[in-house]
Amino acid sequence: MKAATRTTYGSPDVITVKEVEKPVPKANEILVRVHATTVNRTDCGALWGKPFLFRFFIGLFKPRNSITGTDFAGVVETVGEKVNEFKIGDRVWGFDDNTLPSHAEYLAVDSKKAIMKVPTGFTFEQAVASAEAAHYACNFLNKVKLVPGQKVLVNGGTGGIGSAAIQFLKNMNIFVTAVCHSQYHDRVQALGPDRIIHYDKEDFTQDNETYDFVFDAVGKSSFNPCTRILKEKGVYLSSELGPGAENLYLPLLTLIKGGRKVIFPVPGSISKSLAYIFDLAEKEKFKPLIDRTYSLDEIKEAFTYVNSGQKIGNVIIRITD
């Protein structure tokens, strides 16, 4: 089978697309014919081996999985003798933030991992685009107590995380202000926010509105400038560690001090996230934002594009039609 492989950490140049042996599923595994996968921020971190702490989970000195990837959508081709959750022919999608060898034509994966049936009416591309970023959006929601009518600002409304968070929040009857570049106004407006701020025309931290929560879904801001737009007991959450990794220690400091707080959304259960996303998708209340699609042979270009910071939503790798 064809797969994207690498033997060391580094830039997209370390990737080679070549023929490798097709995996044979173990008794507890399913063999999936992969139709689509993505290149996402987790993939980029795994490619470079950064932050270094990540290597304790994916391989300290070299990648544990020589095939790149973290997510997939496809069709079950074979099931192991101990597998009861799935059957041959099932359309499935899944994600593992500790990497999966999914940038390949076939994937053997433990049936107990975070895997779901593809939502009704979803393409494989839509399903796989509902995994990594949407899971991290779920983590924002799970770390705080949200009440209908509260106000949330989402910085990074065009990103995979931000575009999912907007939809999740609106499904909870939250007032949402989305921050994005003016050229993407229409695409963000289609997600349903109540207000949009164009960061290329105004500084969202100077907004006259105050918010219960600021979700910094791209990690481009920080707690200090956002305090101006947070209510007295407001909370700032970021997808990144922040300047000097401040989002790791500020939660404790702000808790002791009282008033406005910082919470770092440490990722929780992927299975619970996918179940939540599946439920919304089945009810036609969530659709992922997709930027563009590459072939497996173009995966270096896909990594380069995602690393550039220019992408919106999700970048798809189509393995087979």
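Numbers 246 to 566, taken from the working numbering, label the letters of the sequence shown in order.
Every residue gets a Cβ at the ideal spot worked out from N, C-alpha and C, and that includes glycine.
Since we're looking at a predicted model, the values are computed, not measured.
Closest to residue i by CA distance: which of the options is it?
| i | options | result |
| --- | --- | --- |
| I419 | R440, A490, R473 | R440 |
| P364 | I312, T538, F523, I562 | F523 |
| K532 | T315, L298, A410, T313 | A410 |
| E543 | G554, I564, D536 | I564 |
| G503 | I561, A372, K476 | K476 |
| I312 | H443, A349, V259 | A349 |
| F413 | K267, K556, F306, L519 | L519 |
| S256 | W293, D288, F367, S427 | W293 |
| P510 | A526, L486, S516, I501 | L486 |
| V269 | L497, I442, L352 | L352 |
| K263 | N559, N552, G554, K545 | K545 |
| A435 | A372, Y444, K415, D448 | K415 |
| P488 | I501, P470, R505, Y539 | P470 |
| D566 | L500, K528, Y539, H380 | Y539 |
Less than 9 Å separating the beta-carbons of residue i and residue j?
| i | j | result |
| --- | --- | --- |
| A423 | L534 | no |
| S466 | T455 | no |
| Y550 | V354 | no |
| L541 | A318 | no |
| R432 | I561 | no |
| K358 | R336 | no |
| L391 | F458 | yes |
| K247 | V259 | no |
| I315 | A376 | Note that residue 315 is Thr in the sequence shown, not Ile. Cβ distance < 9 Å, so T315 and A376 count as in contact. |
| V463 | Y481 | no |
| C425 | G437 | no |
| V328 | S356 | yes |
| P308 | Y254 | yes |
| D342 | I474 | no |
| T344 | T287 | yes |
| R278 | E322 | yes |
| I360 | G339 | yes |
So residue i and residue j are supposed to be a Cβ contact under 8 Å. How far apart are they, rounded?
| i | j | result |
| --- | --- | --- |
| G479 | N384 | At roughly 19 Å, the Cβ-Cβ gap does not stay under 8 Å, so G479 and N384 are not in contact. |
| S203 | D452 | The structure shown does not extend to residue 203, since the chain spans only 246 to 566, so no value can be given for it. |
| A378 | G405 | 3 Å |
| K332 | V324 | 6 Å |
| C289 | F468 | Actually they do not touch by this definition, with Cβ atoms about 25 Å apart. |
| A291 | F369 | Contact flag wrong, Cβ pair sits at about 22 Å. |
| Y429 | T403 | 5 Å |
Taking DSSP's pairing of strands, which residues face residue i in a bridge?
| i | result |
| --- | --- |
| D316 | F340 |
| A423 | V399, I441 |
| N559 | I535 |
| E454 | The partner list for E454 (beta bridge, DSSP) is empty, contrary to what the question assumes. |
| L305 | Beta-bridge pairing links L305 to no other residue. |
| R278 | V320, Y351 |
| Y254 | DSSP, once it has assigned bridges, lists no residue as partnering Y254. |
| A249 | V262 |
| Y481 | V459, V507 |
| T283 | I561 |
Taking CB distances under 9 Å as the criterion, tell me whether residue i reaches chain B.
| i | result |
| --- | --- |
| D566 | Any reference to chain B falls outside this structure, which holds one protein chain only. |
Touch test, the region 391-401 against the region 491-502, Cβ-Cβ under 8 Å, three pairs minimum:
no
Would you be able to state if there are at least three C-beta pairs under 8 Å between the region 301-310 and the region 270-279?
no
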